[in-house]
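Protein chains: 2
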Amino acid sequence: MPVGLRERKKQATRAALGEAAVRLAVARGVENVTVEAISAEVGVSPRTFFNYFDQRDDAFVMIDDELSERVRHAVLAAPAELSPLDAVRDALIAELVDVEARHGLWQLRAEVLRQAPHLLVRSLGAHTADEFGLATAVARRLHPATGDAGAPASGESADVTDAYDVDPAAVGLYPRLVAAMAGTAVRVAIEHWSTRSAEAFQPIFHSAFTQLAAGLPAPTAEDRGPVG
Amino acid sequence: MPVGLRERKKQATRAALGEAAVRLAVARGVENVTVEAISAEVGVSPRTFFNYFDQRDDAFVMIDDELSERVRHAVLAAPAELSPLDAVRDALIAELVDVEARHGLWQLRAEVLRQAPHLLVRSLGAHTADEFGLATAVARRLHPATGDAGAPASGESADVTDAYDVDPAAVGLYPRLVAAMAGTAVRVAIEHWSTRSAEAFQPIFHSAFTQLAAGLPAPTAEDRGPVG
DNA sequence: CTGAATTTTTTCATACCCTGCAATGTGTGG
DNA sequence: CCACACATTGCAGGGTATGAAAAAATTCAG
Chain A
227 MPVGLRERKK QATRAALGEA AVRLAVARGV ENVTVEAISA EVGVSPRTFF NYFDQRDDAF
287 VMIDDELSER VRHAVLAAPA ELSPLDAVRD ALIAELVDVE ARHGLWQLRA EVLRQAPHLL
347 VRSLGAHTAD EFGLATAVAR RLHPATGDAG APASGESADV TDAYDVDPAA VGLYPRLVAA
407 MAGTAVRVAI EHWSTRSAEA FQPIFHSAFT QLAAGLPAPT AEDRGPVG
Chain B
227 MPVGLRERKK QATRAALGEA AVRLAVARGV ENVTVEAISA EVGVSPRTFF NYFDQRDDAF
287 VMIDDELSER VRHAVLAAPA ELSPLDAVRD ALIAELVDVE ARHGLWQLRA EVLRQAPHLL
347 VRSLGAHTAD EFGLATAVAR RLHPATGDAG APASGESADV TDAYDVDPAA VGLYPRLVAA
407 MAGTAVRVAI EHWSTRSAEA FQPIFHSAFT QLAAGLPAPT AEDRGPVG
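Shown next, in the form of structure tokens:
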């Protein structure tokens, strides 16, 4: 894992592209930001943009692979007495607190998502890969031995949380549901929060997750909201 | 509501485009089906295609507005003693049974979704509008009077379930969660089912919904699936 | 039936997205 | 310094999507 100049430059370029994209989107609106403009802002060719992002919209959303991986790790490392759902919840809260704390690019990103709902869908709904990875982590948590049985005997095994080579059919319904519920909590919390910029995000998320994890019992007056 | 020749032809063209798209996708794979090919198959110009579908992918998915509306109606019309969640579940089951029964285009559509997961995401995830409409219906169910208080006094009021002009901020968190959970159950069930073509869809959906509505208690051995 | 009004389809032009490919430039490691 | 690996770039080309205006089809009144 060399962290040479090359790697640092790549990270810098990627970050610069993402930031430029978001800044431009806030300024002119998402649909008026071309790949050419983003690239020009950073000083690279449009072709290079696509070396970093598969699609234009990915630059606005900036799917954070490291964040996802930290969540998966946290789920696997959580105390055994925690239920799968609790493990996921705690892992997510830890990350979301972290994200909310950064009063920088994430603020702008939120602004962009508020303007362009379809990006919100893309960022959370469209990236089911994350959800599948999380489901796999949950499944591994439930089967501490089974998953590693077929692993290569060589010392250098791949990252346990790099679950993308797992057979989709091998992941049960329950882990999928846990991951999906968690993702749903995040998504709905963000959607709800985005219509109420005054409120803090964290309490909304906590409330959403708790209600979902309780199976959505009959609502209290407060849950209902002001209007039908 | 004149149902003249013009309207019938439009419906026919739309249906033909959707069907051609799906058939071609099954034959050559989704990514190898161009708008030009679809249009040629139907005998219209490529430009006309975009008069019917905003995006190419919409032709494969064929979002069924009528289905969504039936669900919303059913939720509003359900017996008062049913919880919101149960009302939604019953409405969805009724529709899904109906869909599964039609051994026609839906079979091919399912095949296409199995081949192209990103379309599945698009068809369900991208259609958060549906979810919002469902959430609004749930909210109305909880507030039978409030929502209509501000309605125009004129006799010709708009369809109660045409909820797209509702202020997003006016819908509470709970209705959103109910709609989102239902949508999640559908999505996960389809995803899970699409990896196991042998199993029937309905039991999977029922299981998914039930587990979600139970708050995902600790899993049984069967729920866990074979592998981590 | 005929002609005018309305709506849809089409043609044309245009901008942008995205992908291979080959050439060129820039870190890396010996 | 040299050879290698990797990143960037220009270019060519196919595909998506939209606007505007002409052309065709449907509707409707007389």
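Residue numbers (our numbering), protein chains in the order written: chain A, 227 to 454; chain B, 227 to 454.
Each residue gets a CB set at the ideal place from its N, CA and C atoms; glycine is no exception.
Contact check, residue i vs residue j, beta carbons under 9 Å
| i | j | result |
| --- | --- | --- |
| B:A300 | B:D316 | yes |
| A:R348 | B:V414 | no |
| A:E262 | A:P272 | yes |
| A:D283 | A:L345 | yes |
| A:F286 | A:A247 | yes |
| A:G398 | A:A363 | no |
| A:T410 | B:A406 | yes |
| B:R331 | B:E245 | Per the sequence shown, residue 331 of chain B should be read as Leu rather than Arg. Yes, the pair counts as a contact, with Cβ atoms nearer than the cut-off. |
| A:R367 | A:A304 | yes |
| B:L360 | B:A320 | no |
| A:V412 | A:L334 | no |
Classification of residue i by the beta-carbon crowding that lies within 10 angstroms, buried from 16 upward
| i | result |
| --- | --- |
| A:A384 | Below a pLDDT of 50, predicted positions are generally treated as unreliable, and A:A384, at 46, falls in that range; no measurement from the model is reported. |
| A:S265 | buried |
| A:R232 | exposed |
| A:P313 | Checking the sequence shown, residue 313 of chain A turns out to be Ala, not Pro. Buried is the call here. |
| A:Q437 | buried |
| B:R469 | In the structure displayed, chain B extends from 227 to 454; residue 469 of chain B sits before or after that span and is not available. |
| B:V259 | buried |
| A:E417 | buried |
| A:P378 | Reliability of the predicted coordinates at A:P378 is poor, the pLDDT of 41 falling under 50, and no value is obtained from them. |
| B:A424 | exposed |
| B:L243 | buried |
| A:D189 | Limits of chain A in this structure are 227 at one end and 454 at the other, which puts residue 189 of chain A out of reach. |
| A:D356 | buried |
| B:P443 | exposed |
| A:G381 | Its pLDDT being 36, under 50, A:G381 is placed unreliably in this model, and the value from its coordinates should be taken loosely. Looking at its Cβ environment, which holds fewer than 16 other Cβ atoms inside 10 Å, A:G381 is exposed. |
| B:R234 | exposed |
| B:G230 | exposed |
Closest Cα partner of residue i within the set the options
| i | options | result |
| --- | --- | --- |
| B:V404 | B:P394, B:F358, B:P370 and B:A395 | B:F358 |
| B:R422 | A:A395, A:D324 and A:L334 | A:A395 |
| A:Y278 | A:K236, A:L318 and A:G269 | A:K236 |
| B:H369 | B:D356, B:L243 and B:Y400 | B:Y400 |
| A:P343 | A:V270, A:F275 and A:W419 | A:W419 |
| A:R462 | A:L322, A:R234, A:F276 and A:T274 | With chain A covering only 227 through 454, there is no way to say anything about residue 462 of chain A. |
>> Three or more C-beta pairs under 8 Å: does that hold for the stretch 331 to 339 of chain A against the stretch 249 to 258 of chain A?
In response: yes
>> Quick check for students: name the residue ranges of the beta strand (DSSP E) that lie wholly in the stretch 301 to 378 of chain B, counting only runs of 3 or more.
In response: Counting only unbroken stretches of 3 or more residues, no beta strand (DSSP E) element lies wholly within the stretch 301 to 378 of chain B.
>> Check whether the stretch 283 to 294 of chain B and the stretch 303 to 314 of chain B are in contact - that is, three or more C-beta pairs closer than 8 Å.
In response: no
>> Can you confirm whether the stretch 427 to 446 of chain B touches the stretch 424 to 435 of chain A when touching is taken to mean that 3 or more C-beta pairs between the two stretches lie within less than 8 Å?
In response: no
> Could you give the uninterrupted runs of the alpha helix (DSSP H) lying entirely in the stretch 403 to 439 of chain A, keeping only those of 4 residues or more?
Replying inline: Qualifying alpha helix (DSSP H) stretches, in chain order: 427 to 439.
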